[in-house]
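Written below as structure tokens is the structure these notes are about.
Number of protein chains: 2
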Amino acid sequence: MTPRHRSTIDDVAKAAGVSAATVSRALRDLPNVAPATRRRIARIASDLEYAPHPQASRLASGKTMTVGLVAPLFGLWYASQVVAGAETVLSGHGYDLLVHAVDTADNRSRLLRHAASLRGRIDGLILVDFFATPEHADRLRQVGRPVVTIGEKIPSFSSVTIDNERGAAMAARHLIELGHQCIGLITGPLAHGHPSPVPGARAAGFAAALAAAGVVHDPHLTRDGGFTVAGGAAAVEQLLAMAVRPTAVFCLSDEMAFGAIGRAQQLGYRVPDDISIVGFDDHDVAESFGLSTVHQPVRAMGSAATEILLQAIATPGAPPVHRAVEVALMRRRSTGPPAPSPA
Amino acid sequence: MTPRHRSTIDDVAKAAGVSAATVSRALRDLPNVAPATRRRIARIASDLEYAPHPQASRLASGKTMTVGLVAPLFGLWYASQVVAGAETVLSGHGYDLLVHAVDTADNRSRLLRHAASLRGRIDGLILVDFFATPEHADRLRQVGRPVVTIGEKIPSFSSVTIDNERGAAMAARHLIELGHQCIGLITGPLAHGHPSPVPGARAAGFAAALAAAGVVHDPHLTRDGGFTVAGGAAAVEQLLAMAVRPTAVFCLSDEMAFGAIGRAQQLGYRVPDDISIVGFDDHDVAESFGLSTVHQPVRAMGSAATEILLQAIATPGAPPVHRAVEVALMRRRSTGPPAPSPA
DNA sequence: CGCTCCGCTGAAAGCGTCTTCATCGACCCG
DNA sequence: CGGGTCGATGAAGACGCTTTCAGCGGAGCG
Chain H
5 MTPRHRSTID DVAKAAGVSA ATVSRALRDL PNVAPATRRR IARIASDLEY
55 APHPQASRLA SGKTMTVGLV APLFGLWYAS QVVAGAETVL SGHGYDLLVH
105 AVDTADNRSR LLRHAASLRG RIDGLILVDF FATPEHADRL RQVGRPVVTI
155 GEKIPSFSSV TIDNERGAAM AARHLIELGH QCIGLITGPL AHGHPSPVPG
205 ARAAGFAAAL AAAGVVHDPH LTRDGGFTVA GGAAAVEQLL AMAVRPTAVF
255 CLSDEMAFGA IGRAQQLGYR VPDDISIVGF DDHDVAESFG LSTVHQPVRA
305 MGSAATEILL QAIATPGAPP VHRAVEVALM RRRSTGPPAP SPA
Chain P
5 MTPRHRSTID DVAKAAGVSA ATVSRALRDL PNVAPATRRR IARIASDLEY
55 APHPQASRLA SGKTMTVGLV APLFGLWYAS QVVAGAETVL SGHGYDLLVH
105 AVDTADNRSR LLRHAASLRG RIDGLILVDF FATPEHADRL RQVGRPVVTI
155 GEKIPSFSSV TIDNERGAAM AARHLIELGH QCIGLITGPL AHGHPSPVPG
205 ARAAGFAAAL AAAGVVHDPH LTRDGGFTVA GGAAAVEQLL AMAVRPTAVF
255 CLSDEMAFGA IGRAQQLGYR VPDDISIVGF DDHDVAESFG LSTVHQPVRA
305 MGSAATEILL QAIATPGAPP VHRAVEVALM RRRSTGPPAP SPA
């Protein structure tokens, strides 16, 4: 009974006694098909298990029903949340999601070089923490499809962003209010072959809040944790070994904060009694571990970016949309007042 | 200078004074093209920034250079690791990665119904924890493309699996060796509309190890944590409120274990002094939090599945490959001997 | 009753590439 | 020197669908 090969639109047309054009119209709910004809075609198509060949319809229509998502690296919490948020929206609209990692400079330039080849493969593009230079943005514009960025704001593309400086300042003020005067900072890479504004903005917000409160910002108390768990652990170990040990540490990501808490405890320090630690993200497991942190709605940002993108696909030529979402301080158990100084 | 529309193979052919067929052959390194001709075509194609239209070549060749990945839910650690592992391999081979979530029964049946439409969209499929019934497997076979499953073993498809029973038994024996006699179990959903063998297998391995050691397995000490952080927290709270409180808990995933540890500590219990907790996965942050757990190389499993799939795509008709990878017990700080009973 | 308008339908021309088949020389060998 | 072989190339037909355009008949209207 099962046909040897998949059935085509012509099979359906023949069986229904109509032309392929009518079948195409009927199945896509286009106007100008008699209700009776439409029903008959629908039934026959279902009987024959007909499904349009995606490549053929894409070639003919020029629409791919596919959205591309480019992120620095999959496997990290942030990217996985964005993917989850995007996938939910896309599958609800019948779109496919194509994911691509850009984890090396080589990868990155390859993507830029082949930007033109993306046209024809996707209807729109989501860039997660891509940090495009103006020159790169030019190449990306050659994709000829709408682009939405997450984490950075480029005038000519739509974007979904948070106020990194404000979030970092909230974390810093939280520590200051608790009485901390000597605060360490575990950053991500400030530059890796290209400008990466996120850690920069967070570090700036942190420094500004300290300055505003008259707290000394000692640059020696800054370490690069590479945005990884292991990096955060190594960084906190260095900070704890210093002569003037910080009483609190601000980590620019929760994953680094987890590493920092773990290592500090392993080394025999109590959190927050001996050292307070605050993160940034509000990772899924942050609450379980009582990590005080700056919440950002990553999953919702992925959904929002996707909705903006679909809108842009539907209305070509519309001006870019810039959406800023709010961050919020989550006070938990990893922060507390500093131990009375042994003066 | 930039052409208004992307250049086609005919543009290149015209500029090179050859036919489109020769251009097609030359650019794909097929034989029967004179070296000089090949070089000239390559240069001209590069000048014109020619890139073949994916949909057109896919339609003509029947190959999509795309692999589909279906997972229960993105945003969870397990799926994100698999995606990361798969993406690395695929991008190295010029393949695109299409991701699709199957988080509801509705979603699932839709996927199965449209299985045939996947043919033509992908060259192969990776199923993560899909748990196909024989009937579902039949439908998936209609995709007409190689399939590799991760987490389950279906005879007609290739697979990458771990020995869940063995892993769970390792965790159970670890607790027993520490002296625990009253051990709770936090499972995932044992069935959600379809058989889901993973929690079942782990629970069975756990029960078998207890039985082998002569330890009572009290079914009242089992709770469903839904594989989420919050579920693990709620489950452990219930267990701790019981009259005969377990001295140790085995969580079938690390994320549930994190929730359990966090909640237990919030409730004033010390880990492991008052309660030992062991997980399953070896999540990225498990080490930081000293979680004893059963390690499985999820990312490598994603890569392995992808390599098997690419192999199967390259050699159609080859018999399915079944790869089993090893698990390992990680002894950390969340487990210890039970407190001396207050008898 | 004739004309116009409109809804429904089919024929056919793409969409851009791949792939088969035929052609055409050049070269080799007996 | 003729037949055979082989490498290089072009012409043309898929691939399966979408979309434009024209046609056709019936309804509405004056």
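Just so you know, the protein sequences line up as chains H and P, in that order.
So for the first sequence, this note's numbering puts the first residue at 5; every next one is plus one.
So for the second sequence, this note's numbering puts the first residue at 5; every next one is plus one.
Cβ atoms here follow ideal geometry from the backbone N, Cα and C, with glycine treated the same way.
Give me the Cα-Cα distance between residue i and residue j, rounded to the nearest whole angstrom.
{"i": "residue 335 (chain P)", "j": "residue 149 (chain H)", "result": "51 Å"}
{"i": "residue 88 (chain P)", "j": "residue 294 (chain P)", "result": "25 Å"}
{"i": "residue 21 (chain H)", "j": "residue 157 (chain P)", "result": "45 Å"}
{"i": "residue 53 (chain P)", "j": "residue 71 (chain P)", "result": "26 Å"}
{"i": "residue 179 (chain H)", "j": "residue 81 (chain H)", "result": "25 Å"}
{"i": "residue 170 (chain P)", "j": "residue 209 (chain P)", "result": "6 Å"}
{"i": "residue 61 (chain P)", "j": "residue 96 (chain P)", "result": "20 Å"}
{"i": "residue 104 (chain P)", "j": "residue 104 (chain H)", "result": "14 Å"}
{"i": "residue 56 (chain H)", "j": "residue 121 (chain P)", "result": "7 Å"}
{"i": "residue 200 (chain H)", "j": "residue 221 (chain P)", "result": "54 Å"}
{"i": "residue 241 (chain P)", "j": "residue 338 (chain P)", "result": "17 Å"}
{"i": "residue 116 (chain P)", "j": "residue 283 (chain H)", "result": "42 Å"}
{"i": "residue 124 (chain H)", "j": "residue 276 (chain P)", "result": "57 Å"}
{"i": "residue 305 (chain P)", "j": "residue 212 (chain H)", "result": "45 Å"}
Tell me the residue span of the beta strand (DSSP E) that contains residue i.
{"i": "residue 1 (chain P)", "result": "One cannot answer for residue 1 (chain P) here, as it falls past the ends of chain P, which runs 5 to 347."}
{"i": "residue 140 (chain P)", "result": "That residue, residue 140 (chain P), is in no beta strand (DSSP E); its alpha helix (DSSP H) goes 138-145."}
{"i": "residue 130 (chain H)", "result": "128-132"}
{"i": "residue 100 (chain H)", "result": "100-105"}
{"i": "residue 200 (chain P)", "result": "No beta strand (DSSP E) contains residue 200 (chain P), which DSSP labels as neither H nor E."}
{"i": "residue 322 (chain P)", "result": "That residue, residue 322 (chain P), is in no beta strand (DSSP E); it is neither H nor E in DSSP."}
{"i": "residue 285 (chain H)", "result": "280-285"}
Decide if residue i is buried, meaning its Cβ has at least 16 other Cβ atoms within 10 Å, or exposed.
{"i": "residue 246 (chain P)", "result": "exposed"}
{"i": "residue 64 (chain P)", "result": "exposed"}
{"i": "residue 147 (chain H)", "result": "buried"}
{"i": "residue 168 (chain P)", "result": "buried"}
{"i": "residue 248 (chain P)", "result": "exposed"}
{"i": "residue 225 (chain H)", "result": "buried"}
{"i": "residue 142 (chain H)", "result": "exposed"}
{"i": "residue 47 (chain H)", "result": "exposed"}
{"i": "residue 51 (chain H)", "result": "exposed"}
{"i": "residue 319 (chain P)", "result": "exposed"}
{"i": "residue 33 (chain H)", "result": "exposed"}
{"i": "residue 311 (chain P)", "result": "buried"}
{"i": "residue 342 (chain H)", "result": "buried"}
{"i": "residue 267 (chain H)", "result": "buried"}
I need the DSSP call for residue i, collapsed to helix, strand or coil.
{"i": "residue 187 (chain P)", "result": "strand"}
{"i": "residue 222 (chain P)", "result": "coil"}
{"i": "residue 293 (chain H)", "result": "coil"}
{"i": "residue 153 (chain P)", "result": "strand"}
{"i": "residue 337 (chain P)", "result": "coil"}
{"i": "residue 227 (chain P)", "result": "strand"}
{"i": "residue 258 (chain H)", "result": "helix"}
{"i": "residue 34 (chain P)", "result": "coil"}
{"i": "residue 51 (chain P)", "result": "helix"}
{"i": "residue 244 (chain H)", "result": "helix"}
{"i": "residue 2 (chain H)", "result": "Because chain H here runs from 5 to 347, residue 2 (chain H) falls outside it and cannot be looked at."}
{"i": "residue 63 (chain P)", "result": "helix"}
{"i": "residue 2 (chain P)", "result": "Nothing about residue 2 (chain P) can be reported from this structure: the residues present for chain P run from 5 to 347 only."}
{"i": "residue 118 (chain P)", "result": "coil"}
{"i": "residue 302 (chain P)", "result": "helix"}
{"i": "residue 27 (chain H)", "result": "helix"}
For residue i, is the beta carbon positioned less than 6 Å from some heavy atom of the ligand NAD?
{"i": "residue 332 (chain H)", "result": "The ligand NAD is not part of the structure shown, which contains no ligands of any sort."}
In the DSSP assignment, the alpha helix (DSSP H) including residue i goes from what residue to what residue?
{"i": "residue 94 (chain H)", "result": "81-96"}
{"i": "residue 14 (chain P)", "result": "13-20"}
{"i": "residue 3 (chain P)", "result": "The first residue shown for chain P is 5 and the last is 347, placing residue 3 (chain P) beyond what the model contains."}
{"i": "residue 73 (chain H)", "result": "Looking at the DSSP string, residue 73 (chain H) is not in any alpha helix (DSSP H); the run it does join, the beta strand (DSSP E), is 70-75."}
Margin query: Short of 8 Å Cβ to Cβ, which residues in the segment 108-128 of chain P face chain H?
Written below: The segment 108-128 of chain P vs chain H, Cβ under 8 Å: 111, 118, 120, 121, 123, 124, 125.
Notebook entry, point to check: Relative to chain P, which residues along the segment 251-269 of chain H have a C-beta separation below 8 Å, given in chain order?
Noted result: Result list: 259, 262, 263, 265, 266, 267, 269.
Notebook entry, point to check: Can you list, in chain order, the residues of the segment 45-59 of chain P whose Cβ is nearer than 7 Å to any Cβ on chain H?
Noted result: So the list reads 53, 55, 57, 58, 59, given in the order they occur along the chain.
Checklist line | Under 8 Å (Cβ pairs) to chain H, residues found in the segment 292-324 of chain P | finding: Within the segment 292-324 of chain P, the residues whose Cβ lies closer than 8 Å to some Cβ of chain H are 292, 293, 294, 303, listed in chain order.
Margin query: To be precise: take each residue of the segment 90-102 of chain P, compare its Cβ to all Cβ atoms of chain H, and keep it if any distance is under 8 Å. Which residues remain?
Written below: Residues 91, 92, 95, 100, 101, 102.
Item checked: Within 7 Å of chain H by C-beta, residues of the segment 163-184 of chain P in sequence order -> The segment 163-184 of chain P vs chain H, Cβ under 7 Å: nothing.
Notebook entry, point to check: In the segment 22-39 of chain H, which residues sit with their C-beta less than 8 Å from some C-beta in chain P, listed in chain order?
Noted result: Against chain P - using a Cβ distance shorter than 8 Å - the segment 22-39 of chain H contributes no residues.
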